[in-house]
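Participant: Chains as they are written, first to last, in the numbering used here: chain A, 42 to 341; chain B, 42 to 341; chain C, 42 to 341.
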Amino acid sequence: SVSPGVLPLCCRPPAWDRAPRPPPSPPQPPGLPLAPCRSFSNNKIQVELDESSGVAMMKFKSPPVNSLSLEFLTEFSISLEKLENNRACRGVIITSTLPKIFSSGLDITEMCGKSVEHYTEFWRAVQEMWLRLYGSNMVTVAAVNGSSPAGGCLVAMSCDYRIMAENPKFSIGLNEAQLGIVAPFWFKDTFVNVVGHRIAERSLQLGSLHPAPEAHKLGLVDELVPEEKLMEKAAAVMAQWLALPDHARQLTKSMMRKAVLDRLVAHREEDIKNFVTFVSKESIQKSLRMYMEMLKKRKS
Amino acid sequence: SVSPGVLPLCCRPPAWDRAPRPPPSPPQPPGLPLAPCRSFSNNKIQVELDESSGVAMMKFKSPPVNSLSLEFLTEFSISLEKLENNRACRGVIITSTLPKIFSSGLDITEMCGKSVEHYTEFWRAVQEMWLRLYGSNMVTVAAVNGSSPAGGCLVAMSCDYRIMAENPKFSIGLNEAQLGIVAPFWFKDTFVNVVGHRIAERSLQLGSLHPAPEAHKLGLVDELVPEEKLMEKAAAVMAQWLALPDHARQLTKSMMRKAVLDRLVAHREEDIKNFVTFVSKESIQKSLRMYMEMLKKRKS
Amino acid sequence: SVSPGVLPLCCRPPAWDRAPRPPPSPPQPPGLPLAPCRSFSNNKIQVELDESSGVAMMKFKSPPVNSLSLEFLTEFSISLEKLENNRACRGVIITSTLPKIFSSGLDITEMCGKSVEHYTEFWRAVQEMWLRLYGSNMVTVAAVNGSSPAGGCLVAMSCDYRIMAENPKFSIGLNEAQLGIVAPFWFKDTFVNVVGHRIAERSLQLGSLHPAPEAHKLGLVDELVPEEKLMEKAAAVMAQWLALPDHARQLTKSMMRKAVLDRLVAHREEDIKNFVTFVSKESIQKSLRMYMEMLKKRKS
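1) What does the alpha-carbon distance come out to for the pair G248(B) and A307(C)?
2) Leaving out five residues before and five after A191(C) in sequence, what residues of the same chain have Cβ atoms less than 7 Å from its Cβ?
3) Do M198(B) and T150(B) have their beta-carbon atoms positioned less than 8 Å apart in this structure?
4) Could you tell me whether the Cβ atoms of S137(C) and F81(C) are closer together than 8 Å?
5) Hey, could you find the ends of the beta strand (DSSP E) M98(A) is sitting in?
6) Are A183(C) and I135(C) close, meaning C-beta to C-beta below 8 Å?
7) Starting from K141(B), follow its DSSP beta bridges and name the residues at the other end.
8) Three-state secondary structure (DSSP) at V306(C)?
9) Answer yes or no: do G132(B) and M179(B) have a C-beta to C-beta separation smaller than 8 Å?
10) So, with DSSP's three-state summary, where would you put L48(C)?
11) Out of L329(C), M333(C) and D303(C), which has the shortest C-alpha to C-alpha gap to Q168(C)?
12) Does any residue of chain C have a CB that is nearer than 8 Å to the CB of A289(A)?
13) What's the C-alpha gap between P70(C) and M205(C)?
14) Please list the residues of the stretch 216–248 of chain A that have a C-beta atom closer than 8 Å to any C-beta atom in chain B, keeping them in chain order.
15) Quick check on W164(A) - is its C-beta less than 8 Å from some C-beta in chain C?
16) Within a Cβ cutoff of 8 Å, which residues of the same chain sit near E162(C), ignoring the five residues on either side of it in sequence?
17) So V96(B) and M279(B) are in contact, right, with Cβ under 8 Å, and what is the actual spacing, rounded?
18) Just to make sure I have the definition right: I need the residues of chain A whose C-beta is within less than 8 Å of the C-beta of W282(B). Which are they?
19) According to DSSP, Q87(B) sits in a beta bridge with which residue or residues?
20) Give the range of the beta strand (DSSP E) segment to which I213(A) is assigned.
21) Would you say G260(B) reaches chain A, if we count a Cβ-Cβ gap shorter than 8 Å as a contact?
22) Can you look up P54(C) in the DSSP assignment and give me helix, strand or coil?
23) I'd like to know whether the C-beta atoms of L283(A) and V223(C) end up nearer to each other than 8 Å.
24) Once DSSP output is grouped into helix, strand and coil, what is the label at R203(B)?
25) For a cutoff of 8 Å on Cβ pairs, would you count M297(B) as touching chain A?
26) Just checking my contact of V317(B) with W171(B) at CB under 8 Å: how many whole Å lie between their CB atoms?
27) Please return the same chain residues whose Cβ sits closer than 8 Å to the Cβ of A256(A), not counting the five positions on each side in sequence.
28) Taking 8 Å as the limit between beta carbons, can you name the residues of its chain near S144(A), skipping five residues before and five after?
29) Which of the three DSSP states, helix, strand or coil, is assigned to V301(C)?
30) Among F319(A), R339(A) and L336(A), whose alpha-carbon lies nearest the alpha-carbon of Y160(A)?
31) Between the stretch 183–207 of chain C and chain B, which residues of the former have a C-beta closer than 9 Å to a C-beta of the latter?
32) Beta carbon of L90(B), beta carbon of C153(B): below 8 Å?
33) With H, G and I counted as helix, E and B as strand and the rest as coil, what does DSSP make of S328(B)?
34) Exposed or buried, what is E122(A) when buried is set at 16 or more other beta-carbons lying within 10 Å of its beta-carbon?
35) When the Cα atoms are used, what is the spatial distance from S93(B) to Q87(B)?
36) Which one of E125(B), N315(B) and S244(B) has the shortest CA to CA distance from Q281(C)?
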């Protein structure tokens, strides 16, 4: 179970043991994409893989706020799995097509007035998404082009690198405590790995949503750039990470994240049971209904 | 033993599910306190609870330096227990009535020329105080209005938030190594949770007392304010923390601190035995006597 | 296994319980050293102990780049052991006699075209060096007067304090991933203890070599000084650390580092086996041969 001393590179040799890159492809007939590119789009997420660079763009496109519904989470996990199994794909940039919002987090309608079976299925899907993303072998870069509370913050934190639009109106954080609920232990573990124990303790207790500049100062995001430069910067960061031999990078990533991933795997059923018990309580159902009504009123 | 995924709010509903606050109480007859307020004062610590805000003031008033004697520690634990069990109390601000000193830490006279039974009782009281304070369900804010070495630093670090008077003559730190002794492992665990491993390693080995500005830079205190603004700021911070629903905040706090609390609970008797064995040694007794004589000479 | 509450000072009493220092030694006849001083020099490392101050200088002098060969590592461990057992020695300053390089890390020729027995012996020597240095009872200060990649960075990180020449051409870091290999778990543990989880995760995956100013900003080195002031500063820092009573400082250091040291001790044979299996692979042998050829070409 302990990471070995020094490990082999397999997937890709280091820079000094690599054949020169093939020359760029010949010009394509007009109307066709310039680079070989596969894309698949479902209802909630659009995925485009540029096979020449090995980089996939994953765009959340589920109005109004990219909330993580069961359907969204299922698509997300399937998309990650497809890319993970595609040897042509080495990295993913995750962003949103919606203005001002990256993702609003877990969809509360999934937790309200549904059956025990539904709650079970929903929570397993939340876990599945995180296990795939936090444990991905690919380089994952979050291009956070809007606010990103709760589960949205989790998605960003699970990537290898976070770039955020430097708009102080965009905020990010685990604000569960504000809603009277508690972030799951593996949200907390992920948060501590990013910002350290003290900042996590304070931010989680206050349910803080940090404006982009503050999030950067705390280390919750790695870099701020003007919104119009976000995708360009994400591509540059991705290129920097892809310059490393895949296998060594993957094993290093696994060495850093394994303890926290293993902890959820070991307590997965217990974690589901806790969630279902909680959410099935009448008091909680009432609170969630009132919260949703408040959201509706705000909108109108 | 693992924190559950999402947990119920019980004690207090979130902001959107809460009855409007009752109107302010009618004016009181002159001479009576304006707000309903219970206070109890013992020899060493004065406690005033403002039931309208739910905030207690706990003031150390044991001249000359608020040292943590057996009597002080016992009063401290009892006061915390009373407040913890009082549903009207949601938060505590801890400060000192003495000028220039918050608390000087453990009382050395309790470790000198006493019986094994006394050392055992004393050390258990030190543990008890920390278990109650670090594990408190209440919001705890330290208003550090003077120097705070060793055990005094532990008290401050065990709170949820530390505000310090920005006087560079006031210092704070775990300076045990300067006296030739070693901070207990749970002092160290608390320290690491606040400032991280590297800063703790260096500061503990050097037995550093950090002047307020340095303590702030290291993250050992969260904020510096001019001394005359200290209590006002503490009240504002408390109000910010109390704006959160209690139960979610409490469960979040417990999730962050449980591992370190559990570690002392699991090794409590062993820790007492270690302390008693150490302090009973003639060489240590001699050192402590010489140290106390030095302190007396300094005073005169 | 838990560190005790408060522990005795034995080796050396605290400042307030110490006889006045003996007066400085009388002037020596010309041609003799002014202070009593023992030195021993092997092929790769020169060691000079100033018995009056209790401080040893340990100078790496193995051109061209102080690489950590089996012979170097063996000398290093023996030198540390000698000093550790010499009651006159309380601290060690580690530096390099070579311009521009502190140490280039593990010697790749030891991993190439050798027998399984050789790989086993080599890896055990790497472990041994780290266990002695990271677990040393002496105060250890790294005066990093040149670049310090990979194993060189490990040596610096294993000291109590790191001062680096403020030359931006000098860099330091665990760049194993750049070579397609993975830093052993105990390199990683040491790194996390110095810079925290997030910085370690990013830096290890990218195999980053941080220029001195960046290394300082990340906390990888504690201080930057102009190169000509490096030894003077190292002596001043050493004096500051030696002002503390040895025994309390040693127990505190052990309390901070024990978990990570114990982890290698518990998995030592497994770690050796992993290394030998890896390095014995033909694909890895080929990669290492190509890398060495590239280095040769660069030199000429």
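Built from N, CA and C at the ideal position, the CB exists for glycine as well. Nothing here was measured: the structure is a model prediction, and the numbers come from that model.
Facilitator: So, to answer that:
1) A direct Cα-Cα distance of roughly 31 Å separates G248(B) from A307(C).
2) Cβ-Cβ distances below 7 Å link A191(C) to G146, L147, L215, N216 and E217 in the same chain, with the five nearest sequence neighbours on each side left out; the list follows chain order.
3) Cβ distance not < 8 Å, so T150(B) and M198(B) don't count as in contact.
4) No. Outside cutoff.
5) Taken as a continuous stretch (DSSP letters only), the beta strand (DSSP E) holding M98(A) covers V96 to F101.
6) One thing to note: A183(C) has its Cβ within 8 Å of the Cβ of I135(C).
7) Partner(s): G187(B).
8) V306(C) carries a helical assignment under DSSP once its states are collapsed to helix, strand and coil.
9) Taking a C-beta distance under 8 Å as the contact criterion, G132(B) and M179(B) qualify as a contact pair.
10) Low local confidence applies: a pLDDT of 32 at L48(C) is under 50, so the model's placement there is unreliable, and no value is given.
11) Looking from the CA of Q168(C), the closest CA among L329(C), M333(C) and D303(C) belongs to D303(C).
12) Taking 8 Å as the threshold, the shortest C-beta distance from A289(A) to chain C falls below it.
13) Reliability fails at P70(C), whose pLDDT of 42 lies under 50, so the model's placement of it is uncertain and the value that follows must be treated cautiously. Put simply, the backbone Cα of P70(C) is about 36 Å away from that of M205(C).
14) For chain B, the residues of the stretch 216–248 of chain A that bring a beta carbon within less than 8 Å of one of its beta carbons are E217, A218, Q219, L220, G221, I222, V223, A224, P225, F226, K229, G237, H238, R239, A241, E242, R243, L245, Q246, L247 and G248, in chain order.
15) At a cut-off of 8 Å between C-beta atoms, W164(A) does not count as an interface residue with respect to chain C.
16) In the same chain as E162(C), and ignoring 5 residues on each side of it, the C-beta atoms closer than 8 Å to its own belong to L111, in chain order.
17) Rounded, the Cβ-Cβ distance is 5 Å, consistent with contact.
18) Within chain A, the residues placing a beta-carbon under 8 Å from that of W282(B) are Q246 and L247, ordered along the chain.
19) The partner list for Q87(B) (beta bridge, DSSP) reads S82(B) and K100(B).
20) It spans S212 to G214 - the beta strand (DSSP E) in which I213(A) sits, taken as one unbroken run.
21) Between G260(B) and chain A, the shortest Cβ-Cβ separation is below 8 Å.
22) Low confidence applies to P54(C): its pLDDT is 36, below 50, so where it sits in the model is not reliable enough to give any reading.
23) Cβ distance not < 8 Å, so L283(A) and V223(C) don't count as in contact.
24) Collapsing the DSSP output to three states places R203(B) in a strand.
25) True, the Cβ-Cβ gap to chain A drops below 8 Å.
26) That belief does not hold up - the Cβ atoms of V317(B) and W171(B) are roughly 18 Å apart, past 8 Å.
27) Around A256(A): M205, S212, I213, G214 and V262.
28) Take S144(A), set aside five residues on each side of it, and the residues of its chain with a beta-carbon closer than 8 Å to its own are F101, V106, N107, S108, L109, S137, S189, G192, G193 and V196, in chain order.
29) When secondary structure is reduced to three states using DSSP, V301(C) falls in the helix class.
30) Out of F319(A), R339(A) and L336(A), the CA that lies nearest to the CA of Y160(A) is found in F319(A).
31) Within the stretch 183–207 of chain C, the qualifying residues are D201 and Y202.
32) Between L90(B) and C153(B), the C-beta gap is not smaller than 8 Å, which leaves the two residues out of contact.
33) S328(B): helix per DSSP, three-state reduction.
34) Exposure of E122(A) is indicated by the presence of fewer than 16 other C-beta atoms within 10 angstroms of its C-beta.
35) Taking the straight line joining both Cα atoms gives about 19 Å.
36) Checking every option, the nearest Cα to that of Q281(C) belongs to S244(B).
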